[in-house]
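A quick write-up on the structure given underneath.
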Amino acid sequence: MTQRFSISVARDDDGHLTGSVPALDGCAATGMDMEEMLERLEEEVKLQLTDTEETDGDIELVGYDIRIV
40 MTQRFSISVA RDDDGHLTGS VPALDGCAAT GMDMEEMLER LEEEVKLQLT DTEETDGDIE
100 LVGYDIRIV
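Now the structure itself:
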């Protein structure tokens, strides 16, 4: 079973991206580009789900909401 999580992405003045998963408290990751940030964010989601023992299946990050801050 695939678990899907909507994410929100913000780009700061230096061009760094910060992605967060609103459904998971405090779940966020940063990266220099979208690929790096998404990879780190997926790892962070897996870590949080491991803590709550909800790790069955794959993880899919969907619904990017991109903001410039």
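Per my numbering, the very first residue in the sequence shown carries number 40; after that it's consecutive. Note that the Cβ used here is the ideal one computed from N, Cα and C, for glycine as well.
Q. Alpha carbon to alpha carbon, what distance is there between isoleucine 98 and lysine 85?
A. The C-alpha of isoleucine 98 is placed about 8 angstroms away from the C-alpha of lysine 85.
Q: Check the DSSP bridge columns for isoleucine 46 and list the partner residues they point to.
A: Isoleucine 46 is not bridged to any residue.
Q: Quick one: residues in its chain with C-beta nearer than 6 angstroms to the C-beta of glutamate 82, no 5 flanking neighbours on either side, listed in chain order?
A: none
(Q) In the DSSP output, which residue or residues are listed as bridge partners for glycine 58? (A) In the DSSP output, where bridge partners are listed per residue, glycine 58 has Val48, Ala68.
Q. Are alanine 68 and glycine 54 touching if we call contact CB-CB under 8 angstroms?
A. No, the Cβ-Cβ distance between alanine 68 and glycine 54 is not below 8 angstroms.
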